[in-house]
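Below is one structure, written out as structure tokens; comments come after it.
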Amino acid sequence: MRMIGPVGSYRELGLQDHLCWVHGDRGDYRPHLGEFFRDGLGRGLRVAYLGSGDARMVRELVGRVAGTGPLRSGKAVRVISFEEFYGAEEPVDPAAVTKRYDAATQEALADGYRGLRIGADMTDLVRAPDRQDAFARCEVLLERYSSRHPLSAMCGYRRELGDAVAQFACLHAAVPAGLTPFQVFACGDGAVGLLGEFDQACQGAFERALRRIEPAPGDSTLIFDLSQIQFMDHHALLSLDSYAEACPVPVIVRSAPPLVRRAAQVLGLEHLGHLRPGDL
Amino acid sequence: MRTGAARGQVGHFHEAGFYSSDAEFRALIVPFAEEGIAAGEPVIIGYDDRKNALIRSWLTDLSAVTFPADSGVYATPARAIAAYRRLFELHVAQGAGQIRITGELPNLGDGGIFDGWDRYEAAVNTVWQDFPVWGLCLYDTATAAPVVRDVVERTHPRIVSPSGVRRASGRFQVADFQALPPVPDPLEQTSPMIELVDRSAAEARRALAQIGRGQVTDTILDDLLLGVSEAVTNALIHGRPPATVRIWAAPDRIVVSVHDQGRGPADPLAGLVPAAGNAATLGLGLWLIHQLDIDVALKHADDGFTVRLRGGTTTG
Chain A
7 MRMIGPVGSY RELGLQDHLC WVHGDRGDYR PHLGEFFRDG LGRGLRVAYL GSGDARMVRE
67 LVGRVAGTGP LRSGKAVRVI SFEEFYGAEE PVDPAAVTKR YDAATQEALA DGYRGLRIGA
127 DMTDLVRAPD RQDAFARCEV LLERYSSRHP LSAMCGYRRE LGDAVAQFAC LHAAVPAGLT
187 PFQVFACGDG AVGLLGEFDQ ACQGAFERAL RRIEPAPGDS TLIFDLSQIQ FMDHHALLSL
247 DSYAEACPVP VIVRSAPPLV RRAAQVLGLE HLGHLRPGDL
Chain B
14 MRTGAARGQV GHFHEAGFYS SDAEFRALIV PFAEEGIAAG EPVIIGYDDR KNALIRSWLT
74 DLSAVTFPAD SGVYATPARA IAAYRRLFEL HVAQGAGQIR ITGELPNLGD GGIFDGWDRY
134 EAAVNTVWQD FPVWGLCLYD TATAAPVVRD VVERTHPRIV SPSGVRRASG RFQVADFQAL
194 PPVPDPLEQT SPMIELVDRS AAEARRALAQ IGRGQVTDTI LDDLLLGVSE AVTNALIHGR
254 PPATVRIWAA PDRIVVSVHD QGRGPADPLA GLVPAAGNAA TLGLGLWLIH QLDIDVALKH
314 ADDGFTVRLR GGTTTG
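Order-wise, the sequence lines are chains A and B. Counting from 7, one number per residue, gives the positions in the first sequence under the working numbering. Counting from 14, one number per residue, gives the positions in the second sequence under the working numbering.
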């Protein structure tokens with residue numbers, strides 16, 4: 007069972023959880039990362055730290071935080087450079103990045119582990135505003151991938167990124183409570199889940215998140231699951247409707263709560279037209 | 014091609030009439046409907062069940078007459094405007110040269126229930142101007158209070174008598190219609206359950222959900238939540254601070270007011286029709302509020318602008 011929604015703890019994460027963890031600095035992050043790794047090892051997962059810098063120092067650090075001592079390659083704990091997963095090209099290619107995550111996950115399974123668990127502090131990678139869109143798209147694909155494969159990840163973002171943190175946080179299934187009023191997450195069946203409260207105050211953030219969602223290659227429809235929405239006002243519904251208008255495949259919404267159905271009915275939405283009967 | 018008294022007119026030909034008996038009611042409505050039927054014009058009739066039955070018995074041919082089955086048409090002024098617009102579009106698309114519509118606003122004798130319908134009668138002069146509509150609004154002198162008669166004369170350019178005499182209403186206000194101030198709700202004279210100053214729409218929703226859960230039905234509470242969210246958003250974006258939300262609760266009903274110190278929308282039709290253009294403007298949120306199953310009142314005063322929402326039973 008994936009953890010979906012605001013969380014107060016990084017503990018008890020399962021094989022497919024995708025957590026955004028916001029912290030003050032590396033010193034604050036490492037103890038949590040260590041616990042996340044030790045928990046993963048206890049679950050029979052391969053754990054990997056994604057980072058940059060002096061390889062020897064990183065390996066020593068990861069061995070220390072994971073409680074395994076000095077690392078030996080090919081074993082349960084690994085260090086992977088950012089470049090190995092994200093490549094050197096600018097901007098990064100989200101589809102290519104996801105393939106590398108997949109290859110590493112399959113390799114862990116082939117080596118007898120129950121899956122792969124990754125920890126990374128993404129702050130330095132996403133600091134430049136012109137890189138943020140591509141990395142956010144990576145998060146969307148990683149979220150989708152982890153919803154269907156044994157890949158769990160704790161993506162660290164430091165508070166110094168300011169408002170930019172929320173735009174990454176809202177693309178994770180699990181986020182610290184109070185960080186973002188809404189989340190866009192992946193359902194296990196390929197649908198895009200919307201969770202939380204969507205109103206004018208987060209309108210820009212929601213539209214930005216929507217722009218980063220694309221139908222999966224080969225899918226003939228894109229389904230939005232609205233069952234976890236607590237509130238959605240007309241601004242957000244019209245944004246969703248506009249997204250549906252521009253989407254290359256028909257957009258279907260399902261499981262809308264009564265309040266959302268009510269607002270949609272009043273607005274007479276045009277482009278969420280391929281609706282399952284009774285859903286909206 | 015328009016027929017009858019509206020021949021040669023453009024847009025909405027808006028008339029009112031007063032009757033004091035079934036005979037006078039018949040004298041007003043039968044010529045209006047029969048002339049339309051004879052000319053092949055669609056005739057739309059919306060009265061209560063008793064009057065609809067009388068009309069059915071008086072008319073010779075009901076095939077061109079529509080009695081809107083949905084009694085919810087008159088649930089709120091904005092919904093009545095929207096529902097009739099859709100009906101007019103349908104008839105015009107089918108080639109109607111004129112559409113005759115006659116009806117009566119609900120429960121006029123019931124004190125404050127006329128709240129908002131004065132704006133409706135003023136608004137339809139403008140918002141139905143796109144259609145070849147002849148609207149005949151009949152009022153029962155036994156139930157229409159003096160304040161209602163006053164509004165009728167200010168919102169209808171023409172008055173017709175049961176004897177068929179037509180005259181211009183000397184008191185018709187075209188663009189400068191002054192709406193009636195909303196009748197205060199008794200709860201507003203008491204201390205609210207909560208008062209929030211310059212807080213987000215999300216905080217207002219949380220407070221309302223907490224107070225309203227179990228007090229009114231979930232359906233009404235959802236409408237109130239949608240309404241308060243839109244009203245607070247408007248106050249924060251378009252109003253002048255502070256924006257103050259007050260919530261009152263009594264058994265089976267909730268009253269919410271959202272006040273700011275700005276002047277509110279200048280458009281007298283605000284909320285009754287969707288705003289043109291950018292959907293993010295104030296107009297669409299206010300229009301959405303007016304489409305809900307809650308009582309909505311707008312109050313312009315020296316100290317600012319207030320949107321009042323009431324759900325559940327509307328009076329204590």
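Virtual Cβ for every residue (Gly too), placed ideally from N, Cα, C.
Who are residue i's beta bridge partners in DSSP?
| i | result |
| --- | --- |
| P182/A | V13/A |
| T139/B | Paired residue(s): none; T139/B is not in a bridge. |
| E149/A | Answer is none; E149/A lacks a bridge partner. |
| F318/B | D273/B, H313/B |
| C193/A | For C193/A, which the question treats as bridged, DSSP gives no partner whatsoever. |
| C26/A | C161/A |
| Q202/B | Looking at the DSSP assignment, Q202/B forms no beta bridge with any residue, so it has no partner. |
Note down, in chain order, each residue of its chain lying with its Cβ closer than 8 Å to the Cβ of residue i, except the 5 sequence neighbours on either side.
| i | result |
| --- | --- |
| A292/B | Residue confidence for A292/B is low, a pLDDT of 45 falling below 50, so the modelled location carries little weight and cannot support an answer. |
| R179/B | A18, E28, R171, I172, V173 |
| I224/B | M206, I207, I260, A262, I267 |
Do you know whose CA, among the options, lies nearest residue i's CA?
| i | options | result |
| --- | --- | --- |
| Q173/A | P135/A, E95/A, R49/A, V198/A | P135/A |
| E171/B | D74/B, T154/B, G148/B, A283/B | The sequence as given places Arg at residue 171/B; Glu does not occur at that position. Ranking the options by Cα distance to R171/B, first place goes to G148/B. |
| G184/A | G194/A, R218/A, G199/A, E203/A | E203/A |
| S226/A | A215/A, D130/A, G196/A, A211/A | G196/A |
| R70/A | P37/A, K81/A, P97/A | P37/A |
| F190/B | H25/B, V78/B, L238/B, E166/B | E166/B |
| A188/B | E134/B, L238/B, R276/B | E134/B |
| R323/B | D235/B, G275/B, V78/B | D235/B |
| G129/B | L209/B, V320/B, A310/B, G317/B | A310/B |
| E113/A | L273/A, H277/A, D205/A, R52/A | R52/A |
| V132/A | G121/A, V68/A, L115/A, D169/A | D169/A |
| V137/B | D211/B, F26/B, P278/B, G277/B | F26/B |
| T319/B | H251/B, P264/B, V286/B | H251/B |
| S248/A | E220/A, E213/A, L19/A | E213/A |
Tell me which residues share the same chain as residue i and place their Cβ nearer than 6 Å to its Cβ, disregarding the 5 neighbours each side in the sequence.
| i | result |
| --- | --- |
| A192/A | E149, R150, S153 |
| F31/B | Y152, T154 |
| R266/B | G325, T326 |
| I86/A | A54, L56 |
| D123/B | Note on D123/B: pLDDT 49, under 50, position unreliable in the model; the coordinate value appears next. Same-chain partners within the cutoff: there are none. |
| D306/B | D236 |
| C144/A | P100, V103 |
| Q209/A | H241 |
With 8 Å set as the bound, which would you pick, yes or no: does the beta-carbon of residue i sit closer than that to a beta-carbon of chain B?
| i | result |
| --- | --- |
| Q189/A | no |
| D288/A | Given a span of 7 to 286 for chain A in the structure shown, any question on residue 288/A remains unanswerable. |
| R214/A | no |
| P182/A | no |
| V272/A | yes |
| E203/A | yes |
| F237/A | yes |
| Q112/A | no |
| A207/A | yes |
| L246/A | no |
With burial defined as no fewer than 16 other Cβ atoms inside 10 Å of the residue's Cβ, what is the status of residue i: buried or exposed?
| i | result |
| --- | --- |
| D315/B | exposed |
| Q107/B | exposed |
| Q304/B | buried |
| V190/A | buried |
| P156/A | buried |
| V196/B | exposed |
| R92/B | buried |
| T73/B | exposed |
| L41/B | buried |
| V229/B | buried |
| V23/B | exposed |
Can you find a heavy atom of the ligand MG that lies under 7 Å from the Cβ of residue i?
| i | result |
| --- | --- |
| M9/A | In the structure shown, the ligand MG is absent, as is every other ligand, since no ligand is present at all. |
How about residue i: is its C-beta nearer than 8 Å to some C-beta of chain A?
| i | result |
| --- | --- |
| Q228/B | no |
| S176/B | no |
| A66/B | no |
| S213/B | yes |
| E102/B | no |
| G122/B | Caution is warranted here: a pLDDT of 49 is assigned to G122/B, below 50, making its placement in the model unreliable, and no coordinate value can be reported. |
| L299/B | no |
| R162/B | no |
| A223/B | According to the sequence displayed, residue 223/B carries Gln and not Ala. Cβ-Cβ to chain A under 8 Å: no for Q223/B. |
| R98/B | no |
| R276/B | no |
| R218/B | yes |
Identify, in the order they occur along the chain, each residue of the same chain with its Cβ nearer than 7 Å to the Cβ of residue i, setting aside the five sequence neighbours on each side.
| i | result |
| --- | --- |
| P97/A | R137, A140 |
Contact set between the segment 236-256 of chain B and chain C, restricted to residues whose Cβ is under 8 Å from the partner
Protein chains in the displayed structure are A and B, and chain C is not among them.
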